[in-house]
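Trainee: What follows is a single structure, and I will ask about it in a moment.
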Amino acid sequence: MKKLSTVILAGFVTAVVFCSCASTPKAGAPKAAVKGFHAELTDWQSASTGGSVPEWVEAVLNADSEDTVRTLLKKPEGYRIWAIDNQGENLDAVKTLTDNFDIQARVASSISQNVAQDAERIQELEGATNKAEIKKQAAGVAQMVTTNLTLNGLERVTGYWTKYYMADKKGNPVAGENGKEKYHYIVVMGMEGERFNAQLDAAMKKIDENTSESEYLRKLASAVITNRKVQGAVSMYSE
Numbered sequence: 011m012k013k014l015s016t017v018i019l020a021g022f023v024t025a026v027v028f029c030s031c032a033s034t035p036k037a038g039a040p041k042a043a044v045k046g047f048h049a050e051l052t053d054w055q056s057a058s059t060g061g062s063v064p065e066w067v068e069a070v071l072n073a074d075s076e077d078t079v080r081t082l083l084k085k086p087e088g089y090r091i092w093a094i095d096n097q098g099e100n101l102d103a104v105k106t107l108t109d110n111f112d113i114q115a116r117v118a119s120s121i122s123q124n125v126a127q128d129a130e131r132i133q134e135l136e137g138a139t140n141k142a143e144i145k146k147q148a149a150g151v152a153q154m155v156t157t158n159l160t161l162n163g164l165e166r167v168t169g170y171w172t173k174y175y176m177a178d179k180k181g182n183p184v185a186g187e188n189g190k191e192k193y194h195y196i197v198v199m200g201m202e203g204e205r206f207n208a209q210l211d212a213a214m215k216k217i218d219e220n221t222s223e224s225e226y227l228r229k230l231a232s233a234v235i236t237n238r239k240v241q242g243a244v245s246m247y248s249e
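Numbering-wise, my numbering puts 70 at position 60 of the sequence shown, and it's gapless, one number per residue.
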């Protein structure tokens with residue numbers, strides 16, 4: 011039987027992936043992946059009242075830590091944060107899609123990805139080297155945790171939109187779809203830390219009661235859940 015210790019990891023972050031990127035983007039502009047392109051903001055939610063893009067928006071776009079975003083949103087220590095985003099040419103349509111989407115499913119998917127990442131890292135720290143087996147065990151743990159996890163108590167914390175187009179070094183719109191103006195809309199969901207931890211504990215209890223799973227997989231799930239209760243992650247998805 012493999013020995014498994016409880017390992018506390020740094021929070022994992024899954025960043026939004028866009029089509030192009032800025033080497034020195036403006037605050038609130040989405041990041042992307044093509045060197046030499048950058049996002050030019052043309053409008054933002056608080057522009058009409060003379061306000062600038064909030065710091066928490068930039069923190070989310072930079073994939074900063076959950077603690078950083080939580081602090082900027084003035085939420086108490088331990089409060090859990092998830093960011094969900096969408097983009098498109100029609101703001102109302104983007105808002106409707108995002109606000110009416112199955113938020114719990116998106117958050118559950120975020121947790122599943124983080125759990126799998128944690129499980130992989132914990133196995134590696136324990137000395138595992140078979141990459142295929144590591145991923146297989148991690149996938150098994152992610153399925154176990156998310157299947158047994160309820161997400162009661164999720165609440166909408168805030169939301170914000172910006173409007174932008176991708177530009178070249180001279181500031182001209184790039185050719186094709188990337189050069190069109192688009193809205194980028196971010197919604198932040200949250201949950202009280204104690205409630206989230208209680209639901210993780212309940213998920214672990216259900217896993218322990220499932221005798222069909224191997225002892226190692228259950229121990230790995232326990233280590234991951236302990237980590238999830240201590241370290242979080244801001245996870246975002248680009249449609």
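Note that CB positions come from ideal geometry on N, CA and C, so glycine has one too.
Straight-line CA distance for M154 to R228?
Mentor: On the sequence shown, position 144 is the one that residue 154 refers to. On the sequence shown, position 218 is the one that residue 228 refers to. Each residue's Cα considered, the two are about 9 Å apart.
Trainee: So the candidates are L71, T81, N124; which of them puts its Cα closest to the Cα of Y170?
Mentor: Your numbering for residue 170 matches position 160 in the sequence shown. Ranking the options by Cα distance to Y170, first place goes to L71.
Trainee: Any idea what DSSP makes of T236, helix, strand or coil?
Mentor: Locating residue 236 in the sequence shown gives position 226, where the first residue counts as 1. Helix, per DSSP.
Trainee: I need the straight-line Cα distance from S58 to A49, nearest angstrom please.
Mentor: Counting from one through the sequence shown, the residue named residue 58 turns up at place 48. Counting from one through the sequence shown, the residue named residue 49 turns up at place 39. Distance between the alpha carbons of S58 and A49: 20 Å.
Trainee: Given a cut-off of 8 Å, decide if I121 and L230 are closer than it, judged by their beta-carbon atoms.
Mentor: Sequence index remark: in the sequence shown, residue 230 carries index 220 (1-based). Sequence index remark: in the sequence shown, residue 121 carries index 111 (1-based). In this structure, I121 does not lie closer than 8 Å to L230 by Cβ.
Trainee: Looking only at its chain, what residues have a beta carbon closer than 7 Å to the beta carbon of A69, apart from the 5 residues adjacent to it on each side?
Mentor: In the sequence shown, residue 69 corresponds to position 59, counting from 1. Closer than 7 Å at Cβ, skipping near neighbours: T78, V79, L82.
Trainee: Near G150, what residues of its chain come up, given a Cβ to Cβ distance below 6 Å and the 5 sequence neighbours on each side ignored?
Mentor: As a working note, residue 150 is residue 140 in the sequence shown. Same-chain partners within the cutoff: L227.
Trainee: Can you tell me the Cα-Cα spacing of K146 and V63, whole angstroms?
Mentor: For the purposes of this step, residue 146 is taken as the residue at position 136 of the sequence shown. For the purposes of this step, residue 63 is taken as the residue at position 53 of the sequence shown. Going by the C-alpha atoms only, they are around 42 Å apart.
Trainee: Spatial neighbours of K190 within its chain, please: CB distance less than 8 Å, with the 5 preceding and 5 following residues excluded, ordered by chain position.
Mentor: Taking the first residue of the sequence shown as position 1, residue 190 is located at position 180. Excluding sequence neighbours, K190 sits near E99, Y175, P183.
Trainee: What residue range does the alpha helix (DSSP H) around E65 cover?
Mentor: Walking along the sequence shown from the start, residue 65 turns up at place 55. 65–71 is the extent of the alpha helix (DSSP H) around E65.
Trainee: According to the neighbour-count rule (16 or more other Cβ atoms, all chains shown, within 10 Å of its Cβ), is N110 buried or exposed?
Mentor: In the sequence shown, the residue the question calls residue 110 occupies position 100. Looking at its Cβ environment, which holds fewer than 16 other Cβ atoms inside 10 Å, N110 is exposed.
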